[in-house]
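Working notes, structure below.
Written out as structure tokens, the structure is:
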């Protein structure tokens, strides 16, 4: 059932009920006014005939002659005009005018000192009782005044019938008017329904185009639908990115693991072949297998880290103190590589809004890269990954930046190695870019570039001031305000639309 029909039916029922409720109140008010008017008339008549009624009571008590008593009665009845009169005393009762039959019991006099309604023989009367007393001779009685209530009841009945008639007439009229009004008011909603019903996110990129109608509910519903569709698009894009990341992970793992696995297979065949290798050759093969195993493990760890960076959501970002991240990363590096010296100068309290796991991964890979290549003076470049170096000296600083775009924090990692040639300073942040003799996977600096872009920063590499070596400079926006994540995160696939270093 349409909303307009539901509202029309509801109004069809509700309006007559409201009319009847209002009519009931009106009937009560009309009845009160009619009785008030009749009661005022009774009180006026009571005030006018009270003296004559006392004189008649005195004449009845003195046992005056019939002529005197009749004269008093005529005077009393002439003053009463259009109301019924009844005077009761110890000597008898005198009646005149319209009133209930003599045999009908009247209300108690004490209850009728204020006008009350009295019903007898199908008729309704307003009755007022006025106590009478005389001193000489001592006598008491009651003056009863009666006013027919027929006219008032007829007026109340007419009002009641008219109210019922109005209620019956307004029911269909109100229902039809409500249906027309609601149907017209619902036109913007129906237009919105038609536009929304023609949208299929699976087959078309068209989205809801809504022109404000100045109908609050319709405009709010349109904004809600637009928000839902935007969220659908976002989730669909993230699903597509997740699928692309999974495919890229599979392709990269298949490509990069093929050669190490084949090398390991050859070494295993040599170990299991005839003739058996001599002890020196056997030890060399086992060492080679261990190295290949370490490389494979590092490669899988890096691929997983890249995939996590491509798929991380905004709710994983929190305020992070970079000094704490550096302290933990340097402590771990010193424990794992006792021969590496690290000079750390970090100002505490520099907080960025970031992904703690991603920032730690970026710092770890920068430090490992410096440790691996900082002691090598026979090569001509850097490469990402883990490996072993000897006697490297790493200088790490963390300080506030002076970025024109806003408050920032600057992290520098400098080593004393051969440095990075200018021609290779952008290539080192790409996947699997490494020196032929590098022990790493070629993914470490790619992971660093991914995380810096993910956090809205930038990274550059240059020469270390004052001597040979490379210095990596990272600039990150400072503060704890949420920032949107970059779109098109596909570092694992090898191309990203986010800000690259």
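In the numbering used here, the protein residues as written are 9 to 509. Here a beta-carbon is modelled for each residue, glycine too, at the ideal position from N, C-alpha and C. Bear in mind the structure is a predicted one, so any value in this text is a computation, not a measurement.
Residue i (DSSP reduced to helix, strand or coil)
i	result
residue 135	strand
residue 437	helix
residue 363	coil
residue 481	strand
residue 344	helix
residue 351	strand
residue 384	Only weak support exists for where residue 384 lies, its pLDDT of 48 falling under 50; the coordinates are left without a value.
residue 368	helix
residue 13	helix
residue 268	helix
residue 406	strand
residue 273	helix
residue 466	strand
residue 426	coil
residue 457	helix
residue 147	strand
residue 329	strand
Assigned exposure category for residue i - 16 Cβ within 10 Å defines buried
i	result
residue 32	exposed
residue 132	exposed
residue 130	exposed
residue 277	exposed
residue 3	Residue coverage of the chain in this structure runs from 9 to 509, which leaves residue 3 outside it and unanswerable.
residue 379	buried
residue 155	buried
residue 12	buried
residue 40	exposed
residue 328	buried
residue 403	buried
residue 451	buried
residue 347	exposed
residue 391	Because residue 391 sits at a pLDDT of 47, beneath the cut-off of 50, its placement in the model cannot be relied upon, and the point is left open.
residue 270	exposed
residue 247	exposed
residue 21	exposed
residue 145	exposed
residue 458	buried
residue 420	buried
residue 24	buried
residue 414	exposed
residue 188	exposed
CB-CB length for residue i against residue j, believed under 8 angstroms
i	j	result
residue 333	residue 368	6 angstroms
residue 372	residue 324	That pair is no contact at about 18 angstroms.
residue 175	residue 28	5 angstroms
residue 66	residue 142	5 angstroms
residue 64	residue 95	6 angstroms
residue 147	residue 97	6 angstroms
residue 60	residue 83	5 angstroms
residue 181	residue 34	About 20 angstroms separates the two Cβ atoms, so there is no contact after all.
residue 416	residue 483	5 angstroms
residue 428	residue 469	5 angstroms
C-alpha gap between residue i and residue j, whole angstroms
i	j	result
residue 374	residue 453	7 angstroms
residue 49	residue 173	32 angstroms
residue 376	residue 308	17 angstroms
residue 52	residue 45	11 angstroms
residue 357	residue 300	42 angstroms
residue 279	residue 285	7 angstroms
residue 125	residue 100	25 angstroms
residue 370	residue 283	48 angstroms
residue 473	residue 296	38 angstroms
residue 422	residue 477	7 angstroms
residue 19	residue 192	16 angstroms
residue 244	residue 481	36 angstroms
residue 394	residue 406	Note on residue 394: pLDDT 39, under 50, position unreliable in the model; the coordinate value appears next. Rounded to whole angstroms, residue 394 to residue 406 spans 23 angstroms at the Cα level.
residue 5	residue 162	Residue 5 is absent from the structure shown; the chain starts at 9 and stops at 509.
residue 107	residue 36	25 angstroms
residue 90	residue 149	22 angstroms
residue 79	residue 164	40 angstroms
residue 177	residue 158	28 angstroms
residue 238	residue 16	36 angstroms
residue 227	residue 26	32 angstroms
residue 127	residue 169	22 angstroms
residue 487	residue 345	33 angstroms
residue 268	residue 304	7 angstroms
residue 342	residue 431	32 angstroms
Residue i at chain C interface by Cβ criterion, 8 angstroms
i	result
residue 422	The displayed structure is made up of one protein chain only, and chain C is not part of it.
heavy atom of the ligand ATP below 7 angstroms from residue i C-beta
i	result
residue 66	Among the components of this structure there are no ligands whatsoever, and the ligand ATP is therefore not found.
query = What runs of the beta strand (DSSP E), each 3 residues or longer, lie entirely inside the segment 159-228?
reply = If one requires a minimum length of 3 residues, no beta strand (DSSP E) run lies completely within the segment 159-228.
message = Threshold first: 4 residues or longer. Then list the alpha helix (DSSP H) segments lying entirely within the segment 22-81, N to C.
response = Listed in chain order, there is nothing to give.
task = Tell me the start and end of each unbroken alpha helix (DSSP H) in the segment 284-326 that is at least 4 residues and wholly inside, in chain order.
result = 287-319
ask   = In chain order, which beta strand (DSSP E) runs of at least 3 residues are fully inside the segment 93-131?
value = 100-104, 124-128
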